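Asker:
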Amino acid sequence: MLNNILRGDFTDFLNSLQQTLRKLEFWLLATWVSLIAINVALQCRLGDNLDDTAMVILTWAVAVLLVIRNRHNLKFETTPSAIATGALLITWVLIKSLLTRRVYDILFILTPVMSTVGMALIASGWKGLKQYWQPILLTATLGTPVPFLFSAIEKFIPVNVFTAQFANSVLWYGGLKVVQQGVTILSPYGAVEVARGCAGLPPIFMLLRITLMFVLVFPVSRFHMWIMFPSAVAIAFIVNSLRVSLLVPISNQAELFKYWHDGDGSQMFSVISVSALLAFCNWLTRDDDDEYEEA
63 MLNNILRGDF TDFLNSLQQT LRKLEFWLLA TWVSLIAINV ALQCRLGDNL
113 DDTAMVILTW AVAVLLVIRN RHNLKFETTP SAIATGALLI TWVLIKSLLT
163 RRVYDILFIL TPVMSTVGMA LIASGWKGLK QYWQPILLTA TLGTPVPFLF
213 SAIEKFIPVN VFTAQFANSV LWYGGLKVVQ QGVTILSPYG AVEVARGCAG
263 LPPIFMLLRI TLMFVLVFPV SRFHMWIMFP SAVAIAFIVN SLRVSLLVPI
313 SNQAELFKYW HDGDGSQMFS VISVSALLAF CNWLTRDDDD EYEEA
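The numbers in the working numbering rise by one with no breaks, and the one at position 21 of the sequence shown is 83.
1) Is it buried or exposed for Arg284, if we count other Cβ within 10 angstroms and need 16 for buried?
2) Any idea which residues DSSP pairs Glu255 with across the strands?
3) Taking the Cβ atom as the reference point for each residue, do Val306 and Val241 lie within a distance shorter than 7 Å?
4) Ordered along the chain, which non-local residues of its own chain (more than five positions away) have a Cβ less than 8 Å from that of Leu308?
5) Is it right to say Thr282 is buried, meaning 16 or more other beta carbons lie within 10 angstroms of its own, or is it exposed?
6) Here's the rule I'm using: 16 or more other beta-carbon atoms within 10 Å means buried, otherwise exposed. How should Phe267 be labelled?
7) Considering Cα atoms alone, identify which of Leu269, Phe299, Gly325 is closest to Ala341.
8) Evaluate Gly148 with the Cβ neighbour count: other Cβ atoms within 10 Å of its Cβ, from every protein chain shown; 16 or more gives buried, anything less gives exposed.
9) If you draw a straight line from the alpha carbon of Gln227 to that of Leu90, how long is it in whole angstroms?
10) Can you tell me which of the three DSSP states Val102 falls into?
11) What is the rounded straight-line gap between the Cα of Asn132 and the Cα of Ser177?
12) Thinking C-alpha only, which one of Trp154, Phe170, Pro311 is nearest Trp3?
13) Exposed or buried, Asn344, counting other C-beta atoms within 10 Å across all chains shown (16 or more means buried)?
14) Please list, in chain order, all residues of the same chain as Leu104 whose beta carbon is under 7 Å from its beta carbon, the five residues on each side excluded.
15) Is the CB-CB distance between Gln299 and Thr273 below 7 Å?
16) If the criterion is Cβ atoms closer than 7 Å, does the pair Trp94 and Met181 meet it?
17) Can you check which of these residues, Leu169, Leu304, Pro209, is closest to Leu151 by C-alpha distance?
18) Let me check one thing: in DSSP terms, what residues is Val279 bridge-paired to?
19) Are Ala338 and Ile297 close, meaning C-beta to C-beta below 7 Å?
20) Output needed for Leu318: all residues of its chain with C-beta closer than 6 Å, excluding positions within five of it in sequence on either side, in chain order.
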């Protein structure tokens, strides 16, 4: 039925719809989508970061797309123990969603992967769990404790220092008299400190997740895959460093600084980095489709 709708063919739509409603797979998908809707609604209501909310919506959309695309290859053979475990996981997800007050709660961020694993267990049992590795992997990225991850990385890699060095070099080569002192950039307009939030880890993590989605959705050779992930890190780091370099000459203008640091101006750099990444990935994999078709 879905293929006919996508082709614009609505003949015999009601009969096909009735047949679909009798299938267990439809109700499993409907239940999963309902859990997704709850998670997205809570993220939109309680979240305060537009990038994070957009990534949650995009991740869920890609996860659903992958399941629908592979629906003909899925085997629905489950066991009582798998059904019981899946039901417990979904019950826990519903209770946690009802009680949560913060989207960064360590238990709440686990609800996406728990709901996905729970539905997979109910649908296909323990042996069939591997059929859903793609959506499980994607939803697991939503369950990453980002603050702890970033703190652990910064203990070994001084990303904010590297960002300050790169931004300082851009300004110096641009003709501005600047001096770097650790994570602080001094200029005739004032001083800008590259704090952890400006270090570049959030955009790097965001582009890595988008790259993962691209790899899962589109045919990508392994060689190109190894190029895309480091490129995502490089693009995110460079664009974020350029944003920091822009903040230095406007550091003495409070409203303008706030616009480019926290306001809509900062979102423009997210759009630029994502657009640059997707353009690069599309250019890099332009011949991969033909190779897969020939294979």
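Where is the CB? At the ideal position from N, CA and C, for every residue including glycine.
Note that the structure is a prediction, hence the values are computed from the model and not measured.
Answerer: Taking the structure as given:
1) exposed
2) Bridge pairing for Glu255: Thr246 [DSSP].
3) Taking C-beta atoms as the reference points, Val306 and Val241 fail to come closer than 7 Å.
4) Counting only Cβ-Cβ distances below 8 Å, and skipping sequence neighbours, we find Trp322.
5) Reading off the sequence shown, one finds Val at residue 282, where the question assumed Thr. Result: buried.
6) buried
7) The shortest Cα separation from Ala341 among Leu269, Phe299, Gly325 belongs to Leu269.
8) Within a 10 Å sphere around the beta-carbon of Gly148 sit 16 or more other beta-carbons, which makes this residue buried.
9) 52 Å
10) helix
11) Approximately 19 Å between the Cα atoms of the pair.
12) The structure shown does not extend to residue 3, since the chain spans only 63 to 357, so no value can be given for it.
13) exposed
14) Ser159, Thr162, Val165
15) Reading off the sequence shown, one finds Phe at residue 299, where the question assumed Gln. No. Outside cutoff.
16) yes
17) Leu169
18) According to DSSP, which records beta bridges pairwise, Val279 is partnered with nothing at all.
19) Their beta carbons are under 7 Å apart, which means Ala338 touches Ile297 by this criterion.
20) Ile312
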